[in-house]
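K.L.:
In my numbering, the protein residues as written are 266 to 337.
#1: Cα separation between residue 295 and residue 302?
#2: Buried or exposed: which applies to residue 286, given that a residue is buried once 16 or more other Cβ atoms fall within 10 Å of its Cβ?
#3: Can you tell me the Cβ-Cβ gap for residue 314 and residue 333, rounded? I've got them flagged as a contact below 8 Å.
#4: With the cut-off set at 7 Å, would you say residue 304 and residue 268 are in Cβ contact?
#5: Excluding the 5 residues flanking residue 338 on each side, which residues of the same chain have their C-beta closer than 6 Å to its C-beta?
#6: Identify every run of the beta strand (DSSP E) within the region 272-325, keeping only runs that are complete inside it and at least 3 residues long; order them along the chain.
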């Protein structure tokens, strides 16, 4: 399973709740936060994924998050 697959899967499991890059990195054990950032930017705008300023479901921080809208 690729990092992109792992990131997509985590976002879909939390759907429709948003999650930030920091929490994605923590939850998936990624060594560098930029891995999560790169993958969320890649997913943004595709197949119902939306990246926006909001409150992260996990940490409660108001920051850039990603979520999946609608059905997977």
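Idealized CB from N, CA, C, for every residue including glycine.
P.N.:
Checking against the coordinates, here is how it stands:
#1: Rounded to whole angstroms, residue 295 to residue 302 spans 11 Å at the Cα level.
#2: Per the 10 Å Cβ criterion, buried.
#3: Residue 314 to residue 333, Cβ: 5 Å. Contact.
#4: Yes, these two residues count as a Cβ contact at 7 Å.
#5: Because the chain here runs from 266 to 337, residue 338 falls outside it and cannot be looked at.
#6: Runs found: 314-320.
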